[in-house]
Amino acid sequence: EAGVAQSPRYKIIEKRQSVAFWCNPISGHATLYWYQQILGQGPKLLIQFQNNGVVDDSQLPKDRFSAERLKGVDSTLKIQPAKLEDSAVYLCASSLEAGWMETQYFGPGTRLLVL
Amino acid sequence: KNQVEQSPQSLIILEGKNCTLQCNYTVSPFSNLRWYKQDTGRGPVSLTIMTFSENTKSNGRYTATLDADTKQSSLHITASQLSDSASYICVVGGDYKLSFGAGTTVTVRA
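In order, the protein sequences belong to chains U and Y. Residue numbering for the first sequence follows this note's numbering, starting at 5 and increasing by one per position. Residue numbering for the second sequence follows this note's numbering, starting at 346 and increasing by one per position.
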């Protein structure tokens, strides 16, 4: 079974530039998550999708971050404009459903460095 | 505020030795507790998941314990191997949200 795919794996940009990350979840998984993991910290949930609808985006900085999952499969996360403090690993995860006992499967992450 | 505290922040052990990682949480309501292993440059991988009615769960050389009364959990690694070098993250589920700890970095040396 193929895992969660993410691209690019690494990205270096200057502050105020824009960047986009892509995620392809495990086939058949209805729920998709985007996390931000700052060095030395645990992941922080940015947004959760159930199919193509948003379940939770309470911690998403909506003035600069946006995400979409148009067909309920792939998802993109965009930052515009980027700030220095956005330097982090952006993890995408998926689960079969949104139940509280569901196991989340994580992708390898995209490491972003903002200069 | 829901919090998950892990200790120690990091530890170094010799190959073949055992170690125990701690997790204290204040998440309420509580539904489940998970331990994840995160290799450097990789995403976290689930090791165990326990509900409030479970006291212990094993996955190979990894054994997790849960005391829901004291809100504490531990992850015990038996006969450590070089491949156990990773960050171990405690994650507590409650009210349909997950709260992540900062992780304990384990380094196993030959």
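Backbone N, C-alpha and C define an ideal beta-carbon position, used for all residues, glycine too. Computed from a prediction, not measured in an experiment: that's the story for all the values here.
### Task
Indicate the three-state DSSP secondary structure (helix, strand or coil) for residue 428 of chain Y in the structure shown.
helix
State the Cα-Cα distance for the pair residue 61 of chain U and residue 412 of chain Y, rounded to the nearest angstrom. For residue 61 of chain U and residue 412 of chain Y, the distance between alpha carbons rounds to 31 Å.
query: Less than 9 Å separating the beta-carbons of residue 450 of chain Y and residue 348 of chain Y?
result: no
Handout entry: Range covered by the beta strand (DSSP E) that runs through residue 50 of chain U
Key = Segment 48 to 54, the beta strand (DSSP E) holding residue 50 of chain U.
Over what stretch of residues does the beta strand (DSSP E) that includes residue 392 of chain Y continue unbroken? 390 to 396
- In its own chain, which residues sit with a C-beta less than 6 Å from the C-beta of residue 82 of chain U, not counting the 5 before and 5 after it? Excluding residues within five positions, the ones whose Cβ falls inside 6 Å are 24, 70.
message = With three or more C-beta pairs closer than 8 Å as the rule, is the stretch 410 to 424 of chain Y touching the stretch 357 to 367 of chain Y?
response = yes
Please look up how many angstroms separate the CB atoms of residue 108 of chain U and residue 97 of chain U, rounded, as I've assumed it's under 8 Å.
-> 4 Å
_What does the Cβ neighbour count give for residue 415 of chain Y, buried or exposed, with the cut at 16 atoms within 10 Å?_
exposed
*What do you reckon, are the CB atoms on residue 76 of chain U and residue 34 of chain U nearer than 9 Å?*
yes
| said: Would residue 35 of chain U pass as an interface residue toward chain Y - the criterion being a Cβ-Cβ separation below 9 Å? | reply: no
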